[in-house]
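Data first, discussion second: the structure below is written as structure tokens.
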Amino acid sequence: MEGTDLQSAIRGLGVGVSLIALFLGLRQWYEHRSRGEQDEVDRRFHGRQAVRRWLGVAVLGTLAALVLLGSRVEPRVGERGNPAFVALWVGILALIVVTLGVALWDSAATWLYARDRRREMVRDHVDDLRRRMRGAADARRQHPDADDSPAPGG
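Note that the numbering used here has the sequence shown beginning at 1470, numbered continuously upward.
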């Protein structure tokens, strides 16, 4: 089979998707190894995130393999269309949709996690301010004659 420009472009696409999958897999592995101490909420989120991201890497790897295989399948056999070609490329299109779905799922989960953590931080900060204000009010009640003005020269 003599390679055409289209087949070469498809092979290039397959190699490119393979490199992206490899890069994302290495990045996921490195991030997992570099995580330090985590509380239970973070540990649970990052565990689920790892599952989502490894799933994305697996789908991209499968997609790359099918694209490379697809560059070798002839679209026509004799005078008729090749059903294997059609099935392969429908599968590739389905995997592209799955890849987008996994990416959106991971993005939404990360956004929700960040929102919840921000809310928790604000809640902790407000609670801390309330404790400090109560402490200052209690101190004023215990020592009502204490002078709150700064010392002279200060």
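Ideal Cβ positions, reconstructed from N, Cα and C, are used throughout, including at glycine. None of these values were measured; they are calculated from a predicted model.
Q. Which residue from Phe1554, Trp1523, Glu1506 puts its Cα closest to that of Phe1492?
A. As a working note, residue 1492 is residue 23 in the sequence shown. Nearest of Phe1554, Trp1523, Glu1506 to Phe1492, Cα basis: Trp1523.
Q | Boundaries (first-last residue) of the alpha helix (DSSP H) holding Arg1541 | A | Here the question's residue 1541 lines up with position 72 in the sequence shown. Looking at the DSSP string, Arg1541 is not in any alpha helix (DSSP H), and its letter there is neither H nor E.
(Q) Mapping the DSSP letters down to three states, classify Arg1504 as helix, strand or coil. (A) Locating residue 1504 in the sequence shown gives position 35, counting from the first residue. Of the three classes helix, strand and coil, the one that applies to Arg1504 here is coil, per DSSP.
Q: Helix, strand or coil for Gly1547, going by three-state DSSP, please let me know.
A: What you label residue 1547 is simply residue 78 of the sequence shown in a count that begins at 1. The answer is coil: DSSP assigns Gly1547 none of H, G, I, E or B.
Q) Given a threshold of 16 other Cβ atoms within 10 Å of its Cβ, counted over all protein chains shown, does Gly1525 qualify as buried or as exposed? A) Along the sequence shown, one-based indexing puts residue 1525 at 56. It counts as buried.
Q) In or out: Ala1563 buried (at least 16 other Cβ within 10 Å) or exposed? A) Along the sequence shown, one-based indexing puts residue 1563 at 94. Ala1563 should be labelled exposed.
Q. Touch check for the segment 1507-1521 and the segment 1547-1562: three-plus C-beta pairs under 8 Å?
A. no
Q) Using the beta-carbon count (16 or more within 10 Å), is Val1555 buried or exposed? A) Working through the sequence shown from its first residue, we reach residue 1555 at position 86. When all chains shown are included, Val1555 counts as exposed.
Q. Where does Thr1579 fall in DSSP's three states?
A. As a first step, residue 1579 must be located in the sequence shown, where it is residue number 110. Reduced to three states, the DSSP call for Thr1579 is helix.
Q. Taking the C-alpha atoms as reference points, what is the distance between Trp1498 and Arg1586?
A. In the sequence shown, the residue the question calls residue 1498 occupies position 29. In the sequence shown, the residue the question calls residue 1586 occupies position 117. Those two C-alpha atoms are separated by around 24 Å.
Q. How many whole angstroms separate the CB atoms of Ile1479 and Gly1539, which I take to be in contact at a CB cut-off of 8 Å?
A. By 1-based counting over the sequence shown, the position of residue 1479 is 10. By 1-based counting over the sequence shown, the position of residue 1539 is 70. Their Cβ separation, rounded to whole angstroms, is 6 Å, which keeps Ile1479 and Gly1539 in contact under 8 Å.
**Q.** Supposed close pair Val1486, Ala1527 - CB separation, criterion 8 Å
**A.** One-based indexing of the sequence shown puts residue 1486 at position 17. One-based indexing of the sequence shown puts residue 1527 at position 58. That belief does not hold up - the Cβ atoms of Val1486 and Ala1527 are roughly 13 Å apart, past 8 Å.
Q) Rounded to a whole number of angstroms, what is the C-alpha to C-alpha distance between Gly1483 and Glu1509? A) Walking along the sequence shown from the start, residue 1483 turns up at place 14. Walking along the sequence shown from the start, residue 1509 turns up at place 40. Distance between the alpha carbons of Gly1483 and Glu1509 is about 39 Å.
**Q.** Sub-9 Å separation of Trp1574 and Arg1521 beta-carbons
**A.** The count along the sequence shown starts at 1 and reaches residue 1574 at position 105. The count along the sequence shown starts at 1 and reaches residue 1521 at position 52. Contact flag set, yes.
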